[in-house]
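Have a look at the structure below, then the notes.
Number of protein chains: 2
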Amino acid sequence: MKDITTLILPDIHEILADGKAEGLREALADLHPADVADLVGSLEDPAKVQVFDALGDFQRVATFEHLEEDDQEHVIGLLGRGRVVAILDAMSPDDRADFVKAMPERTAETLLPLLAQAERNDVRRLVSYPEGTAGSIMTTEYAALPADATVAEALERLRQVAPERETIYYVYVVSSADRRLLGVVTLTELVRARATLRLEEVMHRNPITVAVDADQEAVARTFERYDFLAMPVVDVEGRLLGIITHDDVLDVIEEESTEDAHRMGAVEPLDVPYLRAGFWSIAYKRGLWLSVLFLGEMFTGTAMRHYEATVGQVIGLVLFIPLIISSGGNSGSQSATLITRSLALGEVGFGDWARVFRREAAMGIVLGGFLGAIGYARALLWNTSFAMATVVALALVGVVMWGGLVGSLLPLFFKRIGLDPAVTSTPFVASLVDVVGIVIYFRIAQVLLLR
Amino acid sequence: MKDITTLILPDIHEILADGKAEGLREALADLHPADVADLVGSLEDPAKVQVFDALGDFQRVATFEHLEEDDQEHVIGLLGRGRVVAILDAMSPDDRADFVKAMPERTAETLLPLLAQAERNDVRRLVSYPEGTAGSIMTTEYAALPADATVAEALERLRQVAPERETIYYVYVVSSADRRLLGVVTLTELVRARATLRLEEVMHRNPITVAVDADQEAVARTFERYDFLAMPVVDVEGRLLGIITHDDVLDVIEEESTEDAHRMGAVEPLDVPYLRAGFWSIAYKRGLWLSVLFLGEMFTGTAMRHYEATVGQVIGLVLFIPLIISSGGNSGSQSATLITRSLALGEVGFGDWARVFRREAAMGIVLGGFLGAIGYARALLWNTSFAMATVVALALVGVVMWGGLVGSLLPLFFKRIGLDPAVTSTPFVASLVDVVGIVIYFRIAQVLLLR
């Protein structure tokens, strides 16, 4: 992907040095806006302006939409106010709202009044939907017609709406009175239908819709289930408010996966790529969780002080501490990962807790027993006593099972009480398991070794 | 999503009990095939057959495509051979190939000869592409025309090709001689263009393509970048072999995210949902990594035996072992997570290792210093000596930094040598860090406490 830009960059630089606008125009005409955006990101300021000048109207807007948020702001500063307003007016409504939301309030206050009334209201409405809801990712650019319009009229409308956009693959049929959504016709069906038919004769009734306040992750799941290119977003009364398109869903899925991955790794989610994120922003997002986990892990010391006498009597116990508690942590990580991912994909729910519990209890016996056997052999090889080896083996069974149970049930419980199950991160579970693991280990040791 | 099926299920059961085929047909007609598939999955065998009988031809095929793989096999056994062949013939080529790949060889051998020659060859070719490549997710159902065809001819072709499918949004323009891909025209553009224009006059030249042996994850990245609905797949000579559609990409992205999440949690990726996966299959996929990690973690014992004398002299050292090594593991998890996810998204590469190294070294000082300060205070509160508190603080700085460096550089290195960076899972990094963490801790203790 990066190849395209790297391949073309030397040519572009040469053309820029020549200063021939015509050559630049030709070189850029065949490029996809995503590639032009990459190119713009890599150029010096005057060259950025040259490139934007050379682009056709539609390509200019599309390129701007593909820029990273901070590059967008930077380019706004470079281009004249007139051109900026032209770009904003022509942007797709959802991208425009995202851009306005991302810019500092002062910039927004100077730019918004320059927009036409309709676009301004549109932005205001779109930015008002809470982050993470269907409303926050929908666009208001779609084709809607009354039920008695004909196929020919619908095709004609499609020719007019956003002529350079590719997002219009469905025509939504709404009631003239209150814009309630009645049905949907695909572009392919329109092309295939007789021109004189009325839309109500060809439309699918009761189309599957998304509520405007639905969670964006649920929206993504619905897309995956039904393979639509776009889905209509409606309010509680069933009135059409906008549509969500397939490309926005791709972004949502990646965003949610990244968030979950970061949480599982005990980092507050970074909303920008690692190398673009500020050092102190990362330090804060890691330090926060590191400290929480550190404070939790302190209880391992407390637990061990409680068993100080035991440790003093059987110093060999110490050798197995990391081995035993880490095995519990690993088992906990595994089940936390499996359950959290299944929750994200909607494969399990809180109602499955009993099944999960039974499964993990059995799994703990099997896996713990297996590790216990290895641990038993290892302990004997270190010339420890049979009693000591037994302590190690039993502790492993207990700790591995405890880890699996905590790791699997905690995410279910978090989901139930409305918290993100992904915060039951691998290190979080490991810390919990460490403390209890020490107690299990020393308790067994006390019973078996110090009778 | 599940709501629809739950809402409709009682009605369907009533209709099934009545045994009126007409009523069933009507009730099912409005349902999306994904919902009918869910319904079929929840019914008894005779009812499954009743439902399949009541479906229209296209809905029957689409429903079958939406069934889970084991349900598909089950239904094949219930329906007569004639109807099975009709379904297989009409399935979309990629779904059919996936189905054939998933079924036992014996079933495939009895079914394949019943297919028409063209479909059989198509299946053979599609199943031959290695899992995880563009070829393995592409379909061969697309519209391709020579460059001198007219817009009207193209629209007519679209009316004929797969009349009930919605996947045809692009017409690909190929050379008549060798099917080399010359350009692409979108359906929207066709609808808008004058009917008499030739395709070469309206097509986009040099369309962005995907190589047939490209990794499916790279394909997903290309989709995200360019927001296409479908992308053409070509061989090394640029000949059109098939297309990949947006809905397949959604599946790829979820699949890859799940795989990465599982690997990061130290589980061999499950290819079926947690509750559907067999107990022993999970036990194997967890046990494998648990054992590997367990064997690695054994070196903590070896390391501690090396410092047994030190432990004997300063028993208080033991209290801080879990606290110190887990902090290193947590820091390692964090950077491993950040880097692995960034690698998956193509945001960093091996070439960035020096930047990553500097950043993580600095991060280690900051975060380690912060935890060290807390640890120092905590140690003093436990009435340990100033020297002992200093050992704890210094060890924390060293271990947190070591964790961050290992966690960030190891995934980069794994990627470089062609391994999946996600296998540098959180527990994997933690184990590595544990052993070195113990060495760092006791070494510092020897120097500061036993002089």
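Chains as they are written, first to last, in the working numbering: chain A, 1269 to 1719; chain B, 1269 to 1719.
Quick reminder that beta carbons are idealized off the backbone N, C-alpha and C, glycines included.
- With contacts defined as CB atoms closer than 9 Å, residue 1561(B) and residue 1534(B) qualify as a contacting pair.
- Note that the region 1650-1670 of chain A touches the region 1696-1715 of chain A; at least 3 beta-carbon pairs, one per stretch, sit closer than 8 Å.
- The C-beta separation of residue 1494(B) from residue 1476(B) comes to about 6 Å, placing the pair in contact by the 8 Å criterion.
- Contact holds between the region 1623-1634 of chain B and the region 1672-1686 of chain B, because three or more Cβ pairs, one in each stretch, are under 8 Å apart.
- In terms of beta-carbon proximity, residue 1526(A) lines the interface with chain B, with at least one pair separated by less than 9 Å.
- Taken in chain order, the complete alpha helix (DSSP H) segments of 4 or more residues contained in the region 1611-1691 of chain A are 1621-1649 and 1654-1684.
- Residue pairing by DSSP puts residue 1500(A) in a beta bridge opposite 1511(A).
- Within chain A, no residue has its beta carbon less than 7 Å from that of residue 1504(B); the closest one is some 16 Å off.
- Taking C-beta atoms as the reference points, residue 1513(A) and residue 1407(A) count as a pair closer than 9 Å.
- About 6 Å separates the CB atoms of residue 1437(A) and residue 1454(A); that is less than 8 Å, so the two are in contact.
- Between the region 1606-1620 of chain A and the region 1636-1656 of chain A, the count of C-beta pairs closer than 8 Å stays below three; the two stretches do not touch.
- Within chain A, the residues whose beta carbon sits less than 8 Å from that of residue 1605(B) are 1529, 1530, 1532, 1533, 1534 and 1535, listed in sequence order.
- In terms of Cβ geometry, residue 1467(A) and residue 1415(A) form a close pair [threshold 9 Å].
- At a cut-off of 9 Å between beta carbons, residue 1572(A) contacts chain B.
- DSSP, read as helix, strand or coil, puts residue 1486(B) in helix.
- In this structure, residue 1697(A) lies near residue 1601(A), with their beta-carbon atoms less than 9 Å apart.
- About 4 Å separates the beta carbon of residue 1571(A) from that of residue 1706(A), a gap short enough to meet the 8 Å contact definition.
- In its chain, beyond the 5 residues on either side, 1402, 1403, 1501, 1503 and 1509 have a beta carbon closer than 6 Å to the beta carbon of residue 1480(A).
- The shortest CA-to-CA distance from residue 1483(A) to any of 1327(A), 1397(A) and 1620(A) is the one to 1397(A).
- Around the beta-carbon of residue 1670(B), 16 or more other beta-carbon atoms lie within 10 Å, marking it buried.
- In the DSSP annotation of this structure, the continuous segment of the alpha helix (DSSP H) that includes residue 1456(A) starts and ends at 1455-1460.
- Note on residue 1548(B): under 16 other CB atoms within 10 angstroms of its CB, so exposed under the neighbour-count rule.
- Taking 9 Å as the cut-off, the Cβ atoms of residue 1412(A) and residue 1439(A) count as close.
- Rounded to the nearest whole angstrom, the C-alpha separation of residue 1361(A) and residue 1317(A) is 24 Å.
- For residue 1616(A), a Cβ of chain B is located within less than 9 Å of the residue's own Cβ.
- Here the alpha carbon of residue 1395(B) sits roughly 36 Å from the alpha carbon of residue 1478(A).
- Judged by their CB atoms, residue 1507(B) and residue 1441(B) are not nearer to each other than the 9 Å cut-off.
- For residue 1442(A), the enclosing beta strand (DSSP E) begins and ends at 1438-1442.
- When C-alpha distances from residue 1280(A) are compared across 1446(A), 1684(A) and 1315(A), the shortest belongs to 1315(A).
- Residue 1711(A) carries a helical assignment under DSSP once its states are collapsed to helix, strand and coil.
- Annotation for residue 1384(B): no beta strand (DSSP E) segment contains it, and DSSP assigns it neither H nor E.
- Taking the beta carbon of residue 1494(A) as reference, the chain B residues within 7 Å of it are 1300 and 1302, listed in sequence order.
- Any Cβ of chain A closer than 9 Å to the Cβ of residue 1344(B) would place that residue at the interface, and such an atom is absent.
- Inter-residue distance for residue 1633(A) and residue 1568(B) is about 24 Å (C-alpha atoms, whole angstroms).
- Using a Cβ-Cβ cut-off of 7 Å, residue 1708(B) is close to nothing in chain A; its nearest Cβ partner there is about 13 Å away.
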